[in-house]
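Asker: Just dropping this structure here.
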């Protein structure tokens, strides 16, 4: 029995729990991406606002510290987004391979069914040809013109 025929008895596609887990993971990834992007935008806006030059030296050192802090947060958010993109690529590759394997298994099953149908059809055609040939032979041997007479 082929692998595709064995897989045909099992439930097709992902289970309800797997589908729910995939939806939940998608939501969490989207929320994480939104949070990282909004953090980047907020920190960049704050960095631009703080970048104004003021006269008092104490205030300038405070603003420099705030700028460093905001820049560090931006780097952290950008790093988090890069990790998210990497995870999404990995997920796309592996789920793509799983989907590809499922499609290949389905195609193997369909082609196997077509091959069985073709074999049945060829067998039927062979039987019909044999029956027709028998009928033609019987007709030929019972005919008067079967062989030329040499008188």
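Residue numbers (our numbering): 7 to 157. Heads up, the beta-carbon is just placed ideally off N, CA and C, and yes, glycines get one too.
From residue 32 to residue 83, what distance separates their C-alpha atoms?
Answerer: If you take the alpha carbons of residue 32 and residue 83, they lie about 19 Å apart.
Asker: Do residue 56 and residue 76 come within 8 Å of each other at the CB atom, strictly closer than that value?
Answerer: Result yes, Cβ atoms of residue 76 and residue 56 sit closer than 8 Å.
Asker: Within its chain, find whatever has a CB closer than 8 Å to the CB of residue 52; leave out the 5 residues flanking it on each side and keep chain order.
Answerer: Taken in chain order, the residues that qualify are 72 and 76.
Asker: Since I believe residue 94 is in contact with residue 213 (beta carbons under 8 Å), could you give me their beta-carbon distance rounded to a whole number of angstroms?
Answerer: Here the chain has residues from 7 to 157 only, and residue 213 is not among them.
Asker: Excluding the five sequence neighbours on either side, which residues of its own chain have a C-beta within less than 7 Å of the C-beta of residue 67, listed in chain order?
Answerer: Cβ neighbours of residue 67 beyond the five flanking positions: none.
Asker: Can you tell me the Cα-Cα spacing of residue 89 and residue 50, whole angstroms?
Answerer: C-alpha separation (whole angstroms): 20 Å.
Asker: Is residue 42 near residue 87, with beta carbons less than 8 Å apart?
Answerer: Yes; because the gap between Cβ atoms is below 8 Å, this pair is in contact.
Asker: Less than 7 Å between the CB of residue 109 and some heavy atom of the ligand ADP, yes or no?
Answerer: Among the ligands in the structure shown, none appear at all, so the ligand ADP cannot be discussed.
Asker: Taking only the alpha-carbon atoms, compute the straight-line gap between residue 109 and residue 39 and give it to the nearest angstrom.
Answerer: About 31 Å.
Asker: Which class does residue 149 belong to by DSSP, given the choice of helix, strand or coil?
Answerer: DSSP places residue 149 in coil when its eight states are reduced to three.
Asker: Using a Cβ-Cβ cutoff of less than 7 Å, which residues in the same chain neighbour residue 148 once the five nearest sequence positions on both sides are dropped?
Answerer: Correct list: empty, nothing qualifies.
Asker: Could you check which residue in 96, 46, 104 and 113 has the C-alpha nearest to that of residue 85?
Answerer: It is 46 whose Cα lies nearest to the Cα of residue 85.
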